[in-house]
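Top line first, the protein sequences correspond to chains U and W.
The opening residue of the first sequence carries number 1 in the numbering used here; numbering runs sequentially from there.
The opening residue of the second sequence carries number 117 in the numbering used here; numbering runs sequentially from there.
Just so you know, even glycine gets a beta-carbon here, dropped at the ideal spot from N, CA and C.
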Amino acid sequence: GAGVSQSPSNKVTEKGKDVELRCDPISGHTALYWYRQRLGQGLEFLIYFQGNSAPDKSGLPSDRFSAERTGESVSTLTIQRTQQEDSAVYLCASPLASGDRYNEQFFGPGTRLTVL
Amino acid sequence: RKEVEQDPGPFNVPEGATVAFNCTYSNSASQSFFWYRQDCRKEPKLLMSVYSSGNEDGRFTAQLNRASQYISLLIRDSKLSDSATYLCVVRGASGTYKYIFGTGTRLKVLA
């Protein structure tokens, strides 16, 4: 596709359930980032992929969070045993490549997660 | 101290006014700097990169002051459509791929 897509756009779940969020980056973009944005807050870095490997996962808040990427394309962010503090918008971004210092980050529309 | 700090605002200015935002960063080894714009309930979009020599794009001017570790964004002749949150973004030293986002400065341009 022409841009970054994410699904679902909205997800309401009960505390304790697992959720999977999906990101389809721009075709050919080798790098991929996941961010979290809580209401009224800035973006928090979660994890960065270069190809299918994640050289930096330092932003994942706990071991309930994991992410994978396959085929240098689709990425899924999984949150296990969701808690109310996980409620946020989860944004995916893909720059063209990670090497250029001034690469633009193209963001998807985000997944709005609400944990009841 | 936060890695990237911005005044959250809101800045309420009349149409046609000039408004300036500053952003400070803590890591002196930071290499790349950006301003992103985020409309309400939308994803961020790149407004402009900030180069060492400063750069201008129409009504928008960005400056970098490495000695004082801050970047600025100047908007001239404000339009109603400029109303948004402006995010300061810093990428770290060579070898790191992490982008650090400020919490944003909210601008409201009034008719």
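Cβ of residue i within 7 Å of any chain W Cβ
i                            : result
glutamate 104 of chain U     : yes
proline 61 of chain U        : no
phenylalanine 117 of chain U : The structure shown has nothing for residue 117 of chain U, since chain U only spans 1 to 116.
proline 109 of chain U       : yes
Residues of its chain near residue i, where Cβ-Cβ distance is below 7 Å and the 5 sequence neighbours each way are ignored
i                         : result
serine 146 of chain W     : Val206, Arg207, Gly208 and Ala209
threonine 219 of chain W  : Gln122 and Pro124
alanine 88 of chain U     : Arg36, Gln37, Arg38 and Leu113
serine 66 of chain U      : Thr78
glycine 40 of chain U     : none
asparagine 128 of chain W : Lys224 and Leu226
threonine 140 of chain W  : Glu121, Gln185 and Tyr186
arginine 69 of chain U    : Leu32, Phe49, Asn52 and Ser75
proline 55 of chain U     : Tyr48
arginine 64 of chain U    : Ile79, Gln80 and Arg81
threonine 162 of chain W  : Here residue 162 of chain W is leucine; the residue named in the question, threonine, does not match the sequence. Excluding sequence neighbours, leucine 162 of chain W sits near Phe150 and Tyr152.
Neighbourhood of residue i by C-beta distance below 8 Å, restricted to the same chain and skipping five residues each side
i                        : result
glutamate 172 of chain W : Ala178
glycine 170 of chain W   : Thr177, Ala178, Gln179 and Leu180
leucine 116 of chain U   : Val12, Thr13, Glu14, Lys15 and Gln84
Residues near residue i by beta carbon distance below 6 Å, same chain, minus five either side
i                        : result
serine 94 of chain U     : Val4, Pro25, Ile26, His29, Leu32 and Phe106
leucine 21 of chain U    : Leu77, Tyr90 and Thr111
aspartate 155 of chain W : Ala200
asparagine 10 of chain U : Arg112
threonine 134 of chain W : Arg192
threonine 221 of chain W : Gln122, Asp123, Gly125, Phe137 and Tyr202
valine 166 of chain W    : Phe149, Ala178, Leu180 and Ile187
leucine 43 of chain U    : Tyr35 and Gln37
lysine 57 of chain U     : Ile47
Proximity test, Cβ basis, 7 Å: residue i and chain U
i                        : result
glutamate 159 of chain W : yes
leucine 162 of chain W   : yes
Rounded distance between the beta-carbons of residue j and residue i, thought under 8 Å
i                       : j                        : result
proline 109 of chain U  : glutamate 159 of chain W : 6 Å
arginine 117 of chain W : serine 142 of chain W    : 6 Å
lysine 17 of chain U    : glutamine 83 of chain U  : Going by Cβ atoms, the distance from lysine 17 of chain U to glutamine 83 of chain U rounds to 10 Å, so no, they are not a contact pair.
serine 196 of chain W   : glutamate 131 of chain W : Per the sequence presented here, residue 196 of chain W reads as leucine, with serine not at that position. At roughly 6 Å, the Cβ-Cβ gap stays under 8 Å, so leucine 196 of chain W and glutamate 131 of chain W are in contact.
Original post:
the segment 206-226 of chain W: which residues have C-beta closer than 8 Å to a C-beta of chain U, in chain order?
Top reply: Arg207, Thr212, Tyr213, Lys214, Tyr215, Ile216, Phe217, Gly218, Thr219 and Gly220
Original post:
Given a limit of 9 Å on CB to CB distance, which residues of the segment 30-47 of chain U reach chain W?
Top reply: Ala31, Tyr33, Tyr35, Gln37, Gly40, Gln41, Gly42, Leu43, Glu44 and Phe45
Subject >> Interface positions of the segment 125-140 of chain W facing chain U (Cβ-Cβ less than 9 Å), listed along the chain >> reply: none
**OP:** Write down every uninterrupted run of the beta strand (DSSP E) in the segment 117-180 of chain W whose length is 3 residues or greater and which is fully enclosed by it, in chain order.
**Re:** 120-122, 127-130, 135-141, 148-154, 161-166 and 171-173
**OP:** For the segment 12-91 of chain U, list the beta strand (DSSP E) runs that are entirely contained and at least 3 residues long, ordered along the chain.
**Re:** 19-24, 31-37, 43-50, 53-56, 65-69 and 75-79
Subject >> Within 7 Å of chain W by C-beta, residues of the segment 78-95 of chain U in sequence order >> reply: So the list reads Leu91, given in the order they occur along the chain.
Original post:
For the segment 2-26 of chain U, which residues have a beta carbon sitting closer than 8 Å to at least one beta carbon of chain B?
Top reply: Among the protein chains of the structure shown, namely U and W, there is no chain B.
**OP:** Can you give me, in chain order, the residues of the segment 192-204 of chain W that have a beta carbon less than 8 Å from any beta carbon in chain U?
**Re:** Leu203
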